[in-house]
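Peer 1: Top to bottom, those sequences are chains A and B. Here our numbering is used: the first residue of the first sequence is 28, the next is one more, and so on. Here our numbering is used: the first residue of the second sequence is 1130, the next is one more, and so on. So that we are looking at the same thing, I have put the structure below in structure tokens.
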Amino acid sequence: MVLTWPVGIGRTTQRDQSSGHSRRKLLSTGALLVLGGAVTPLTGCDLFDRDDQPAPPPDPLRPMVDESLALAAAYRASATAHPELADRLNPIAETHTTHATELARVIGVTLPSAASAAPTTAPAADPNGARAALRALEKTAQQSATAACAAAPAERAALLGSIVAARATHQEALK
Amino acid sequence: MRQPSAGEALASALSAEYAAIYAYGRIGVRLNGAARDAARQAEAAHRRRRDALVVQLTTAGGVVPPDRAGYALPFPVTDRASALRLAAEVEERTAAHWRAALVSTTGADRDQALAALVDYAVRATRWRKTAGLTPLTVPFPGRPT
Chain A
28 MVLTWPVGIG
38 RTTQRDQSSG
48 HSRRKLLSTG
58 ALLVLGGAVT
68 PLTGCDLFDR
78 DDQPAPPPDP
88 LRPMVDESLA
98 LAAAYRASAT
108 AHPELADRLN
118 PIAETHTTHA
128 TELARVIGVT
138 LPSAASAAPT
148 TAPAADPNGA
158 RAALRALEKT
168 AQQSATAACA
178 AAPAERAALL
188 GSIVAARATH
198 QEALK
Chain B
1130 MRQPSAGEAL
1140 ASALSAEYAA
1150 IYAYGRIGVR
1160 LNGAARDAAR
1170 QAEAAHRRRR
1180 DALVVQLTTA
1190 GGVVPPDRAG
1200 YALPFPVTDR
1210 ASALRLAAEV
1220 EERTAAHWRA
1230 ALVSTTGADR
1240 DQALAALVDY
1250 AVRATRWRKT
1260 AGLTPLTVPF
1270 PGRPT
């Protein structure tokens, strides 16, 4: 078993003391401390399980993964309800899935299954209403991506800028 | 590779705006009606950003790249179809320069770069629609392909 460990010598020492083990002893039990690697919370590990284990703050882009998957699901639902729109809607659904995949890669999480992002509302009965509803979703999503881009570190700004722009172009394509 | 400074990124965006304005001079004469109006409006948007950038870079004491007498077009503009294709291409290329500027900027400068990226990406989609090109949109507007 490989344990990844949050970097932080002070906390490690404190943890060792409170559990009554010296670092040497811990190492001799076969626990491998990986310093400087990916930081993963220790969940379900009886040896070091502690209630006061602080969860790492969620990545600010994590909600955008779900948002992209929800958009993709909304497009697919509308394309199913209105097959005459499928040629226009399906490529945009694919784009949103592509965004979710890229965002998940950047923040280092596994892409949640698309099934978990089932749309909460049924598509409108008429095609124009369905298109208007998708435009409204894109507009809201464009605003959230704009806020994320403004707050992002340099290495994420270009990706987020493209996602903002893509959501704007989708509104245009739906007109 | 060293990340360009905000001034360098904006200077690069300015050079792209010069080229876009030049290209629209060639595009507009091949269009008529609503498409010609759209070309005028697009050209005006590029002129506004060019003027703003010249003021901004001058005020900041940065290097203001000079305009050139002519720019090489990616393909000849001989008729309506090639004019519309070039218009879409011009918007996509200019969008790419502003997208690059996002990386080097923060705050109001980044907002300005994002607004330009969005504006030009949407115009590219409009031109593709007018030209009957598919797909109307790309997954990552402005990203080099």
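Note that beta-carbon positions come from the ideal geometry of N, C-alpha and C, so glycine has one too. Note that this is a predicted model, so its numbers are computed, not measured.
Skipping 5 residues on each side, what residues in its chain have a beta carbon closer than 6 Å to that of B:A1250?
Peer 2: If we look at B:A1250 and ignore the five residues flanking it on each side, its Cβ neighbours are A1224, P1270.
Peer 1: B:L1243 and B:L1186 look like a contact to me (Cβ under 8 Å); what is the Cβ gap, rounded to whole Å?
Peer 2: 19 Å between Cβ atoms; not a contact.
Peer 1: Return no unless some Cβ of chain B is closer than 7 Å to the Cβ of A:R191.
Peer 2: The sequence given here has Val at residue 191 of chain A, not Arg. It does: the Cβ of A:V191 has a partner Cβ on chain B nearer than 7 Å.
Peer 1: If you follow the alpha helix (DSSP H) that B:Q1132 is in, where does it begin and where does it stop?
Peer 2: Per DSSP, B:Q1132 belongs to no alpha helix (DSSP H) and is neither H nor E.
Peer 1: Going by Cα to Cα distance, which pick from A:P110, A:A178, A:L138 is closest to B:D1238?
Peer 2: The shortest C-alpha separation from B:D1238 is found at A:A178.
Peer 1: Is the stretch 1252 to 1259 of chain B touching the stretch 1187 to 1196 of chain B, taking contact as three or more C-beta pairs under 8 Å?
Peer 2: Because the criterion of three Cβ pairs below 8 Å is not met, the stretch 1252 to 1259 of chain B and the stretch 1187 to 1196 of chain B do not touch.
Peer 1: Could you check whether the Cβ of B:R1228 sits closer than 6 Å to any heavy atom belonging to the ligand PLP?
Peer 2: Among the ligands in the structure shown, none appear at all, so the ligand PLP cannot be discussed.
Peer 1: Between A:T39 and chain B, is the shortest Cβ-Cβ distance under 7 Å, so that the two count as touching?
Peer 2: With a pLDDT of only 40 at A:T39, under the threshold of 50, the placement of this residue in the model should not be trusted; the figure read from the coordinates follows. So no, A:T39 is outside the interface.
Peer 1: Using 8 Å for Cβ pairs, my map puts A:A127 next to A:L138. What's the rounded Cβ distance?
Peer 2: The Cβ separation is near 6 Å, so the contact holds.
Peer 1: State the start and end residues of the unbroken alpha helix (DSSP H) segment that holds A:H123.
Peer 2: Residues 113 to 134.
Peer 1: Using 8 Å for Cβ pairs, my map puts A:A195 next to A:R115. What's the rounded Cβ distance?
Peer 2: Not a contact, Cβ separation roughly 16 Å.
Peer 1: Closer than 9 Å by beta-carbon distance: list the chain A residues that pair up with B:L1243, in chain order.
Peer 2: Residues of chain A passing the Cβ test: T173, C176, A177, A184, L187, G188, V191, A192.
Peer 1: Can you check whether the C-beta of B:A1250 is within less than 7 Å of a C-beta belonging to chain A?
Peer 2: It does: the Cβ of B:A1250 has a partner Cβ on chain A nearer than 7 Å.
Peer 1: Out of B:N1161, B:Q1170, B:A1212, point me to the one whose CA is closest to B:A1152's CA.
Peer 2: Considering only alpha carbons, the answer is B:A1212.
Peer 1: Who are the near neighbours of B:E1146 in its chain, counting only those whose CB is closer than 6 Å to its CB and skipping five residues on each side?
Peer 2: Result list for B:E1146: H1175, R1178, R1179, in chain order.
Peer 1: Can you name the residues of chain B whose CB is closer than 7 Å to the CB of A:P118?
Peer 2: Those within 7 Å of A:P118 in chain B are P1264.
Peer 1: Over what stretch of residues does the alpha helix (DSSP H) that includes A:P154 continue unbroken?
Peer 2: Looking at the DSSP string, the run of the alpha helix (DSSP H) that includes A:P154 is 154 to 178.
Peer 1: Could you check whether the Cβ of B:G1136 sits closer than 7 Å to any Cβ belonging to chain A?
Peer 2: No, B:G1136 does not count as interfacial toward chain A.
Peer 1: Does A:G156 pass the burial test, meaning 16 or more other C-beta atoms within 10 Å, or should it be called exposed?
Peer 2: So A:G156 counts as exposed.
Peer 1: Alpha carbon to alpha carbon, how far is B:A1135 from B:T1234? Give it in angstroms, no decimals.
Peer 2: C-alpha separation (whole angstroms): 5 Å.
Peer 1: What are the boundary residues of the alpha helix (DSSP H) that includes B:R1159?
Peer 2: Premise fails: B:R1159 is in no alpha helix (DSSP H) and is neither H nor E.
Peer 1: In three-state terms, what does DSSP make of A:S140?
Peer 2: Of the three classes helix, strand and coil, the one that applies to A:S140 here is coil, per DSSP.
Peer 1: Using the Cα positions of A:P154 and A:A108, report the straight-line distance between them to the nearest angstrom.
Peer 2: Taking the straight line joining both Cα atoms gives about 9 Å.
Peer 1: Within the continuous alpha helix (DSSP H) that includes A:P90, where are the two ends?
Peer 2: It spans 89 to 108 - the alpha helix (DSSP H) in which A:P90 sits, taken as one unbroken run.
Peer 1: Determine the chain A residues that contact B:P1194 at a beta-carbon separation under 8 Å, and present them in chain order.
Peer 2: Those within 8 Å of B:P1194 in chain A number zero; the least Cβ separation is about 22 Å.
Peer 1: Does DSSP put B:K1258 in a helix, a strand or coil?
Peer 2: DSSP places B:K1258 in helix when its eight states are reduced to three.
Peer 1: What are the start and end residues of the alpha helix (DSSP H) that includes A:T196?
Peer 2: Taken as a continuous stretch (DSSP letters only), the alpha helix (DSSP H) holding A:T196 covers 181 to 200.
Peer 1: For the alpha helix (DSSP H) that contains B:V1219, what are its first and last residues?
Peer 2: B:V1219 -> alpha helix (DSSP H) spans 1209 to 1233.
Peer 1: Specify the secondary structure class of B:D1180 as computed by DSSP and reduced to three states.
Peer 2: Of the three classes helix, strand and coil, the one that applies to B:D1180 here is helix, per DSSP.
Peer 1: Just to confirm my understanding: we take B:L1231, look at its own chain, exclude 5 residues before and 5 after, and list those with CB closer than 8 Å. What are they?
Peer 2: Correct list, in chain order: R1239, A1242, L1243, L1246.
Peer 1: Consult DSSP for B:L1265 and reduce its assignment to one of helix, strand or coil.
Peer 2: B:L1265: coil per DSSP, three-state reduction.
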